[in-house]
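Accompanying notes for the structure given below.
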């Protein structure tokens with residue numbers, strides 16, 4: 140049966156990534172069949188977010204680098220920390236030279252000369268807002284949520300939207316009641332504190348991922364998840380945005396209004412919690428972490444960015460997606476849920492990618 144399944148997977152796959160995706164789904168189906176046959180009860184609290192082709196990279200890593208103090212892993216990661224120059228190149232927030240509590244972006248978008256005009260990041264339309272940021276008129280937004288993907292066809296190359304497979308320029312496949320913009324506030328930032336010289340403990344290694352929503356002020360944080368080097372969640376919180384929400388971006392974030400209503404933390408509470416266990420020397424891992432730090436309004440200079448560690452062959456500004464990297468190096472498919480991204484899954488993928496990278500590079504140094 141195994142040989143028959145593998146042959147079927149191979150015949151259905153046009154390339155390596157497709158093979159990995161089909162293989163993982165086939166393996167998941169077989170495991171589910173096996174579980175059903177054994178009728179083994181599963182706790183209602185257990186939740187399987189991903190399917191592994193092999194054991195996780197974290198489980199394969201040496202025990203010494205997964206010790207409670209993370210010392211060996213921390214030392215190994217120093218080679219991958221972004222330099223100040225690379226942080227600027229990748230548009231990480233830095234302390235504003237003149238304004239305390241504010242950040243600066245070196246590649247910040249040019250502001251609209253009219254402070255009451257916004258450009259919709261979905262359809263490109265210009266729309267008007269009041270002083271409070273609210274829409275002056277309700278204008279329907281028609282857009283494609285997918286990217287343009289180039290495909291070879293007889294006679295040349297054709298570009299189609301990934302969302303609906305329509306050719307470039309085809310009528311929009313999605314509609315929303317209002318336009319949205321993706322501005323990021325650069326006020327209200329906090330900095331991670333310097334570690335005490337007498338503190339001999341390892342500063343720690345964490346991976347994090349955030350989700351965002353569209354508000355009248357632009358993009359704001361709606362969820363943050365932090366993972367330790369054992370690939371365990373150490374902090375996970377829904378966050379109530381400071382401004383009125385226009386769209387929770389549920390298709391991608393998996394978050395809806397009920398998730399952030401009532402018991403959600405404020406951004407300030409999230410910042411206080413993070414600063415209680417993250418200092419200036421703590422290594423934070425993420426994929427395109429500059430946006431996450433902007434959403435958290437956190438100034439931090441000890442960063443490992445998997446989009447830089449695993450560069451695109453064409454170089455910047457091109458980036459390989461986290462989904463692509465996880466499939467290629469960890470043999471695992473992520474972000475397959477129809478309910479949107481899972482911050483814990485994405486943060487765990489970043490941590491495991493670096494565990495894998497350190498292990499592989501360690502082999503080369505022997």
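Numbering (the working numbering), first residue to last: 140 to 505.
C-beta: ideal position from N, C-alpha, C; glycine also.
Just so we're clear, the structure is a prediction, and the values are computed from it rather than from any experiment.
{"Check": "Contact under 8 angstroms by Cβ, residue 410 with residue 436", "Outcome": "yes"}
{"Check": "Contacting residues, own chain, Cβ-Cβ under 7 angstroms from residue 225 (five flanking each side not counted)", "Outcome": "447"}
{"Check": "Local conformation of residue 338 per DSSP, three classes", "Outcome": "coil"}
{"Check": "Any beta strand (DSSP E) of 3 or more consecutive residues that is wholly inside the stretch 245 to 279", "Outcome": "256 to 258 and 265 to 267"}
{"Check": "First and last residue of the uninterrupted beta strand (DSSP E) at residue 315", "Outcome": "313 to 315"}
{"Check": "Residue 283 burial status per 10 Å Cβ neighbour count (16 or more: buried)", "Outcome": "buried"}
{"Check": "The stretch 483 to 497 / the stretch 450 to 458 touching (three or more Cβ pairs under 8 angstroms)", "Outcome": "no"}
{"Check": "Buried or exposed by the 16-neighbour rule on C-beta atoms within 10 Å, applied to residue 277", "Outcome": "exposed"}
{"Check": "Spatially closest choice to residue 392 from 280, 212, 317 and 474, by CA coordinates", "Outcome": "474"}
{"Check": "The stretch 349 to 366 in contact with the stretch 420 to 435 per 3-pair CB rule at 8 angstroms", "Outcome": "yes"}
{"Check": "Whole-angstrom distance between residue 485 and residue 471, CA atom to CA atom", "Outcome": "12 angstroms"}
{"Check": "Residues that residue 433 bridges to, as DSSP identifies them", "Outcome": "According to DSSP, which records beta bridges pairwise, residue 433 is partnered with nothing at all."}
{"Check": "Beta-ladder partner(s) of residue 234, from DSSP", "Outcome": "242"}
{"Check": "Counterpart residues of residue 384 in DSSP-defined beta bridges", "Outcome": "354"}
{"Check": "Beta-carbon proximity check, residue 387 vs residue 352, cutoff 8 angstroms", "Outcome": "yes"}
{"Check": "As assigned by DSSP and simplified to three states, the class of residue 349", "Outcome": "strand"}
{"Check": "Chain B within 8 angstroms of residue 269, Cβ atoms only", "Outcome": "The question asks about chain B, but that chain is absent: this structure has only one protein chain."}
{"Check": "C-alpha distance - residue 503 paired with residue 343, whole-angstrom precision", "Outcome": "25 angstroms"}
{"Check": "Exposure of residue 333, with buried meaning 16 or more beta-carbon neighbours within 10 Å", "Outcome": "exposed"}
{"Check": "Whole-angstrom distance between residue 373 and residue 488, CA atom to CA atom", "Outcome": "15 angstroms"}
{"Check": "Three-way DSSP call (helix, strand, coil) for residue 299 in this model", "Outcome": "strand"}
{"Check": "Cβ distance (whole Å) where residue 444 is taken to contact residue 221 below 8 angstroms", "Outcome": "6 angstroms"}
{"Check": "Cβ-based burial, residue 232 [other Cβ within 10 Å; buried from 16]", "Outcome": "buried"}
{"Check": "Proximity of residue 318 and residue 264 at Cβ, strictly below 8 angstroms", "Outcome": "yes"}
{"Check": "Buried or exposed by the 16-neighbour rule on C-beta atoms within 10 Å, applied to residue 400", "Outcome": "exposed"}
{"Check": "Beta-carbon spacing of residue 271, residue 285 below 8 angstroms", "Outcome": "no"}
{"Check": "Endpoints, beta strand (DSSP E) assigned at residue 422", "Outcome": "422 to 425"}
{"Check": "Contacts around residue 497, its chain only, beta-carbon distance under 6 angstroms, and the 5 residues preceding and following it disregarded", "Outcome": "215"}
{"Check": "Runs of alpha helix (DSSP H) lying entirely within the stretch 442 to 496, each at least 4 residues, in chain order", "Outcome": "445 to 448 and 461 to 468"}
{"Check": "Cα-Cα separation between residue 418 and residue 331, rounded to whole angstroms", "Outcome": "5 angstroms"}
{"Check": "Cα-Cα separation, residue 407 to residue 291", "Outcome": "49 angstroms"}
{"Check": "CA nearest to the CA of residue 274, picked from 405, 461, 219 and 385", "Outcome": "385"}
{"Check": "Coarse secondary structure for residue 540, derived from DSSP in three states", "Outcome": "Lying outside 140 to 505, the shown extent of the chain, residue 540 is not represented and no answer is given."}
{"Check": "Own chain partners of residue 501 with C-beta closer than 6 angstroms, once the 5 adjacent residues on each side are dropped", "Outcome": "none"}
{"Check": "C-beta contact flag for residue 262 and residue 280 at 8 angstroms", "Outcome": "yes"}
{"Check": "Span separating the alpha-carbon of residue 421 from that of residue 403", "Outcome": "26 angstroms"}
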